[in-house]
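Top to bottom, those sequences are chains A and B.
Take 1 as the starting number for the first sequence in the UniProt record's numbering and just add one per residue.
Take 1 as the starting number for the second sequence in the UniProt record's numbering and just add one per residue.
2 protein chains.
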Amino acid sequence: MSRTIRVLLAEDQSMVREALAALLGLEDDIEVVAQVARGDEVLDAARAHAVDVALLDIEMPGATGIEAAGQVHRELPGVKLVVLTTFGRPGYLRSAMEAGADAFLVKDAPAAQLAAAVRKVLAGERVIDPTLAAAALAEGANPLTDREREVLRAAADGATNAELAAALHLSRGTVRNYLSTAIQKLAVRNRAEAVSIAREKGWL
Amino acid sequence: MSRTIRVLLAEDQSMVREALAALLGLEDDIEVVAQVARGDEVLDAARAHAVDVALLDIEMPGATGIEAAGQVHRELPGVKLVVLTTFGRPGYLRSAMEAGADAFLVKDAPAAQLAAAVRKVLAGERVIDPTLAAAALAEGANPLTDREREVLRAAADGATNAELAAALHLSRGTVRNYLSTAIQKLAVRNRAEAVSIAREKGWL
DNA sequence: GGCACCCCGTGACATCTGTCATGTCCCACC
DNA sequence: GGTGGGACATGACAGATGTCACGGGGTGCC
Numbered sequence: 001m002s003r004t005i006r007v008l009l010a011e012d013q014s015m016v017r018e019a020l021a022a023l024l025g026l027e028d029d030i031e032v033v034a035q036v037a038r039g040d041e042v043l044d045a046a047r048a049h050a051v052d053v054a055l056l057d058i059e060m061p062g063a064t065g066i067e068a069a070g071q072v073h074r075e076l077p078g079v080k081l082v083v084l085t086t087f088g089r090p091g092y093l094r095s096a097m098e099a100g101a102d103a104f105l106v107k108d109a110p111a112a113q114l115a116a117a118v119r120k121v122l123a124g125e126r127v128i129d130p131t132l133a134a135a136a137l138a139e140g141a142n143p144l145t146d147r148e149r150e151v152l153r154a155a156a157d158g159a160t161n162a163e164l165a166a167a168l169h170l171s172r173g174t175v176r177n178y179l180s181t182a183i184q185k186l187a188v189r190n191r192a193e194a195v196s197i198a199r200e201k202g203w204l
Numbered sequence: 001m002s003r004t005i006r007v008l009l010a011e012d013q014s015m016v017r018e019a020l021a022a023l024l025g026l027e028d029d030i031e032v033v034a035q036v037a038r039g040d041e042v043l044d045a046a047r048a049h050a051v052d053v054a055l056l057d058i059e060m061p062g063a064t065g066i067e068a069a070g071q072v073h074r075e076l077p078g079v080k081l082v083v084l085t086t087f088g089r090p091g092y093l094r095s096a097m098e099a100g101a102d103a104f105l106v107k108d109a110p111a112a113q114l115a116a117a118v119r120k121v122l123a124g125e126r127v128i129d130p131t132l133a134a135a136a137l138a139e140g141a142n143p144l145t146d147r148e149r150e151v152l153r154a155a156a157d158g159a160t161n162a163e164l165a166a167a168l169h170l171s172r173g174t175v176r177n178y179l180s181t182a183i184q185k186l187a188v189r190n191r192a193e194a195v196s197i198a199r200e201k202g203w204l
């Protein structure tokens, strides 16, 4: 019998984080040795506590779980990465895997899968919801360029073209062109719909 | 010493729900006797399991936790109601209290407050985050009329005026007028911003 | 070197949005 | 019975938005 698995838990909502810790605490072979509430605290904590597995929520202040996964993957390649998220957005899955994640779980899944995933990634397996994987493959990659994404993201809360132009140091016309191409690529009819679709797919 | 407190847990994300159950299971005087994932299953489950306290998430399929709270409050007035939510939107707090909730907790709060709130509501106390209560009082009630809210909600994912008119059986002009008044009431400059603000305040 | 693709810009044009004035109908309240 | 307010509508108008055609510059690939 080997020693217990040392887990880091990163999730911004205290109640959920501590509840997940309680859940994992019921397992004999798993120990939650560190908890953080921000994406930009993950790397330091992972190093300081010599963790085996990092469990990362995507939606966090400071840095997203995906960004944090990338950092840990580069700096501490021995640490296994489990990305946990509310939304099963195919785009999220894709970027999580590109960032070096070993497992991708949605919070909709039964709780038992959490401990199971921790054990599996440590055994070298990859854990991905098959339905989600199929969806990610079916819809292909994010068609938007960096700039288009940036403009769309900035437009998400209702800024006008002039405000966008000022904020991004572009001309009004360029902003309109980016939004126009984004609208065409997403096959919708206006920026609001484009934001809505991009968000849903995890492309934003 | 009295018998254990019988709790119903309503939350759509299995992993979070089971984790919260694990957390409450650590308390000697609390027993989670029922779990549901949909708002429209709350009332039946509360009746069937003779629960003392119902713990309700707001964002759920079928019916929101607030709607479910209203049903339980009317049908089973003896059941105490704790509303639990991701977003500390003042508008949510207001409508939860109007629906008869005894406690309002945000998932950002420390996990210990959950069990504490369950015990307090059973003792007849009301539990509300003071900061949130102040915010709710400071910003006043939802200024939008039913129709304005309806139109704004329908416009949220980027539908055009013509589509809104068709969907809501109104004329294009009327839709524009509703959106226009909503925009003025929220003191913003376009519909997208209005959606963004209304959502943030829990008015949508 | 040619080619594709992204970045950034302009100007013209049609359409969509948001505002305003104005009106009717119905309901609630005093 | 008057007054207010919400629901619904129209028409006119300015300004914002989306499309299109057209440029230039840069990078990377064959």
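All C-beta atoms in this analysis are idealised placements derived from N, C-alpha and C, irrespective of residue type, glycine included.
Check                                                                                                                                     : Outcome
Those residues which DSSP pairs with B:K80 across a bridge                                                                                : B:V53
Whole-number beta carbon distance between B:L81 and B:L56, since they are thought to touch under 8 angstroms                              : 7 angstroms
Classification of A:R126 by the beta-carbon crowding that lies within 10 angstroms, buried from 16 upward                                 : exposed
Cβ-Cβ separation, B:P90 to residue 238 of chain B (assumed contact under 8 angstroms), whole Å                                            : Nothing about residue 238 of chain B can be reported from this structure: the residues present for chain B run from 1 to 204 only.
8 angstroms Cβ cutoff, A:V118 in contact with chain B                                                                                     : no
Beta-carbon spacing of A:Q13, B:K107 below 8 angstroms                                                                                    : yes
Proximal chain A residues relative to B:A96, where beta-carbon distance stays under 7 angstroms                                           : None at all; the shortest Cβ gap to chain A is about 17 angstroms.
Chain-ordered chain A contacts of B:D157 [CB-CB under 8 angstroms]                                                                        : A192, E193, S196
Distance between A:L93 and A:A134 (C-alpha atoms, nearest Å)                                                                              : 11 angstroms
Limits of the alpha helix (DSSP H) - the one that A:I183 falls within                                                                     : 172-185
Distance, B:L9 Cα to B:A123 Cα                                                                                                            : 19 angstroms
Whole beta strand (DSSP E) elements within the UniProt domain "Response regulatory" (6-122) of chain B, 3-residue minimum                 : 30-36, 53-57, 80-85, 103-106
Three-way DSSP call (helix, strand, coil) for A:V188 in this model                                                                        : coil
Interface flag, B:V186 vs chain A, CB-CB below 8 angstroms                                                                                : The sequence given here places Leu at residue 186 of chain B; Val does not occur at that position. Taking Cβ atoms only, chain A never reaches closer than 8 angstroms to B:L186, which makes this a no.
For B:V195, the residue or residues it bridges with in DSSP                                                                               : In DSSP, B:V195 forms no bridge with anything.
Contacts around B:A156, its chain only, beta-carbon distance under 6 angstroms, and the 5 residues preceding and following it disregarded : V195
Residue from A:D44, A:A101, A:H169, A:L137 whose Cα sits closest to the Cα of A:K120                                                      : A:A101
Candidates A:D44, A:M60, A:I30, A:D52, of which the one nearest A:Q71 by Cα                                                               : A:D44
Cβ-Cβ distance between B:A111 and A:E18 below 8 angstroms                                                                                 : yes
Contacting positions in the stretch 10-26 of chain A - beta carbon closer than 7 angstroms to chain B                                     : Q13, S14, M15, V16, E18, A19, L20, A22, L23, L26
Chain B residues whose Cβ lies nearer than 7 angstroms to that of A:R189                                                                  : T160
is_contact[A:P110, chain B] using C-beta, thresh 8 angstroms                                                                              : yes
is_contact[residue 207 of chain B, chain A] using C-beta, thresh 8 angstroms                                                              : The question about residue 207 of chain B has no answer here: the residues shown for chain B are numbered 1 through 204.
Same chain only: Cβ atoms within 6 angstroms of B:D40, ignoring 5 sequence neighbours per side                                            : G62, A63
Cβ of B:K107 within 8 angstroms of any chain A Cβ                                                                                         : yes
Own chain partners of A:S95 with C-beta closer than 8 angstroms, once the 5 adjacent residues on each side are dropped                    : I66, G202
Pick from B:L20, B:V188, B:A182, B:Q35 that is closest to B:E49, judged by C-alpha positions                                              : At residue 49 of chain B the sequence reads His, which differs from the Glu that was named. Looking at the Cα atoms, B:Q35 is the closest of the given residues.
Given 8 angstroms, three or more beta-carbon pairs between the stretch 136-156 of chain B and the stretch 168-186 of chain A              : no
Outcome for B:E11 when other beta-carbon atoms lying within 10 angstroms are tallied against a minimum of 16                              : buried
Candidates A:H169, A:A115, A:R38, A:M15, of which the one nearest A:I58 by Cα                                                             : A:R38
Enclosing alpha helix (DSSP H) for A:G164 [first to last residue]                                                                         : It is worth fixing the name first, because residue 164 of chain A is Leu in this sequence and not Gly. Taken as a continuous stretch (DSSP letters only), the alpha helix (DSSP H) holding A:L164 covers 161-168.
Rounded Cβ spacing between B:L114 and A:M15 (contact assumed at less than 8 angstroms)                                                    : 6 angstroms
A:R191 to A:E98 span [Cα, whole Å]                                                                                                        : 28 angstroms
Limits of the alpha helix (DSSP H) - the one that A:R126 falls within                                                                     : Unbroken run through A:R126: none, as it is neither H nor E.
For B:V33 and B:R6, believed in contact at Cβ under 8 angstroms, the rounded distance                                                     : 5 angstroms
Beta carbon proximity, B:D56 to chain A, threshold 8 angstroms                                                                            : Checking the displayed sequence, the identity of residue 56 of chain B turns out to be Leu instead of Asp. With 8 angstroms as the cut-off, B:L56 does not count as an interface residue toward chain A.
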